Structures are given as structure tokens and as C-alpha cells.
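In our numbering, the protein residues as written are 4 to 284.
Cβ coordinates follow ideal geometry from the N, Cα and C atoms, glycine included.
For clarity, every value in this text was computed on a predicted model and none was experimentally measured.
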């Protein structure tokens with residue numbers, strides 16, 4: 004069951020062939036982890052959604068308060084019997100039907116779906132996780148590239164490439180040949196006591212988990228965080244590489260080409276991340 008504009012309905016009955024998200028990628032979305040009815044980092048998701056709608060020049064409905072959307076998500080969890088477990092929620096907002104590239108309207112529809120997740124809190128992932136660069140296409144850095152829109156052709160083709168080459172993920176480059184992010188999350192590089200992550204101006208997603216990790220590192224005086232461009236040549240010199248997103252939390256990369264990595268810092272950050280979640284209750 005999904006929530007379409009506040010109505011709980013069967014998922015097969017709501018998407019028009021003329022849907023602008025389907026036709027033009029005129030849609031944005033938030034992927035939210037929910038643990039036993041608690042929406043993790045929901046305030047950050049909400050403000051990113053509002054900012055993204057403004058950038059896309061969508062009309063924000065008067066009732067789109069944080070309380071309203073939280074209530075709609077909780078209703079969707081209840082309808083799918085996942086209020087008391089961990090769940091992945093997808094909140095998609097698209098401009099209403101009308102027009103071609105130029106929309107006739109700026110009002111929006113929203114759709115909320117929910118699916119069960121295995122883990123309540125974030126876990127250490129010690130299993131092999133190998134990546135390489137995806138160099139067929141590049142991220143073009145702009146404000147639009149930082150948004151979670153339906154325009155994910157690069158990520159789809161990159162995922163197919165990773166699967167065909169027995170990789171667990173790929174790292175994306177921007178048009179300046181800097182490493183920007185992974186296919187499904189932000190990238191962090193550890194070298195000694197310094198942690199680097201690409202700046203938003205390089206074109207990476209304005210990730211919610213990226214924000215949490217940056218805030219945690221800021222409270223660790225033994226570590227220094229730098230939001231700077233990362234060259235592909237730095238990858239094999241790193242002590243650790245890890246990927247962040249709100250569903251997995253932190254995914255350590257164990258191998259890039261011939262270089263293998265440790266995960267000491269990532270393990271410590273996962274523990275601190277779970278403490279942050281517990282303290283926010």
C-alpha cells in the first residue's frame with residue numbers, strides 16, 4: 004500500500020502515463036530510514052526536501068509542514084504493518100501533469116511508500132566490498148547535481164557496469180576528473196588523522212548521512228575533516244575509504260584496484276552514529 008496525496012491506496016492505481024516524474028524526471032525524493040516508528044534525521048530530510056522543491060521551482064503546498072509529512076509517513080507505515088520494525092520510506096514529490104518541458108502548473112503530487120529493513124540500528128559491514136572508478140560518463144557539477152531527483156541515468160548505467168565487472172560499487176568522477184561520490188552515497192577518505200570528503204561544489208549529493216558524519220567528526224578533536232576535491236591518485240594512498248547513506252549508514256570499502264583498506268575509523272564512527280540516534284530519542 005502507498006500513500007498518494009494523503010490517500011492510502013493500492014500501488015498499481017496511482018501513476019498516470021503523463022506523470023512528469025516518469026516523462027521528464029520532474030520529481031525529487033527523500034529516502035528515509037524509520038526505526039520502530041521513529042523517522043531518523045527527519046528534520047534534515049524535511050529541510051532538504053523544501054530546499055530542493057524551491058530549486059526545482061515547485062510550489063510548496065501550505066500544508067507541507069514537517070508535522071504533516073511525518074503524520075503521512077506514519078500512516079503509510081501503519082498501512083503496511085511496518086510501524087514496529089525498521090523500514091525504508093520513499094517520499095517522492097513530482098509536479099502535477101501538464102505541459103512538455105515547460106510545465107503548465109507548479110503544484111505537486113506526493114507519493115509515500117514503505118518497505119521492511121533488516122537492521123534496526125547501523126551495523127559494521129566487515130564483508131568484502133570492492134569498487135573501481137566509473138569513467139564512461141561524468142557528473143557535471145551544479146546545484147542540480149546535489150539534489151535527489153529522478154534523473155539517475157548515470158547511476159543506473161554505472162550500476163550495470165559494476166554488476167558486469169563483479170564490483171560492489173563504483174566511484175563517480177566529475178567533469179574536472181575529481182572523485183565525487185559512489186553510485187549510492189557520499190565518499191569519505193581517511194589518511195592518517197585527516198578525513199576528506201568532496202565539497203558540494205564538486206557536484207556530490209547533499210547527503211543526509213554525509214551531514215551526520217561531518218557533525219560527528221567535528222566533535223572528535225583527534226581527527227581533522229576537510230571538504231576538498233579528491234584526486235583519483237589519492238585513493239590508493241588512503242588508509243580507509245567509506246561510503247555513507249541513510250539506509251546502510253557507513254559502508255567500508257575493502258578494496259580499490261590492488262589496494263586493500265582497513266576500517267578502524269569507520270567502526271568508531273558507526274558506534275558514535277548509533278549513540279547519536281539513541282540520544283535523539
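Leaving out the 5 sequence neighbours to the left and right, which residues in its chain are closer than 8 Å to residue 132 when beta-carbon positions are compared? 171, 172, 254, 255, 256, 257, 258
Assess contact between the stretch 42-57 and the stretch 206-222, defined as three or more Cβ pairs (one per stretch) separated by less than 8 Å. Is contact present? Inter-segment contact for the stretch 42-57 and the stretch 206-222 is present: three or more beta-carbon pairs are separated by less than 8 Å.
For residue 74, count neighbouring Cβ atoms within 10 angstroms of its own Cβ and tell me buried if that reaches 16, exposed if not. exposed
Classify residue 188: buried if its beta carbon has 16 or more other beta carbons within 10 angstroms, exposed otherwise. When all chains shown are included, residue 188 counts as buried.
Cβ distance (whole Å) where residue 88 is taken to contact residue 117 below 8 Å: About 10 Å separates the two Cβ atoms, so there is no contact after all.
On the CB-based measure, 16 or more other CB atoms within 10 Å of its CB, does residue 80 come out buried or exposed? Residue 80 comes out buried.
Going by the beta-carbon positions, is the gap between residue 4 and residue 97 smaller than 8 Å? no
Looking only at DSSP bridge pairs, what is residue 113 linked to? 96
What whole-angstrom Cβ distance do residue 1 and residue 154 have, given they're in contact under 8 Å? Any answer about residue 1 is impossible in this case: the structure gives the chain only from 4 up to 284.
Can you tell me which of the three DSSP states residue 241 falls into? coil
Report the residue from 42, 152, 231, 104 whose alpha carbon sits nearest the alpha carbon of residue 31. 152
Determine the DSSP secondary structure at residue 142, reduced to helix, strand or coil. Strand at residue 142.
Residue 278: buried (16+ other C-beta within 10 angstroms of its C-beta) or exposed? Exposed.
Would you list the residues sitting across from residue 5 in a DSSP beta bridge? In the DSSP secondary-structure assignment, residue 5 is bridged to 12.
Keeping to the same chain, check which residues put their C-beta closer than 8 Å to that of residue 194; ignore five residues upstream and five downstream. 237, 240, 241, 242
When 108, 219, 90, 192 are compared against residue 123, the one with the closest alpha-carbon: 90
Taking the alpha-carbon positions, what's the residue 76 to residue 92 distance? 8 Å
Let me know the secondary structure DSSP gives residue 265 once reduced to three states. coil
How would you label residue 36, buried or exposed, when you count the other beta carbons within 10 angstroms and need 16 or more for buried? Looking at its Cβ environment, which holds 16 or more other Cβ atoms inside 10 Å, residue 36 is buried.
Supposed close pair residue 186, residue 175 - CB separation, criterion 8 Å: 7 Å
For residue 122, which of helix, strand or coil comes out of DSSP? Here residue 122 sits in coil by DSSP.
Enumerated in chain order, which unbroken segments of the beta strand (DSSP E) with a length of 3 residues or greater are wholly contained in the stretch 123-191? 133-142, 172-177, 182-185
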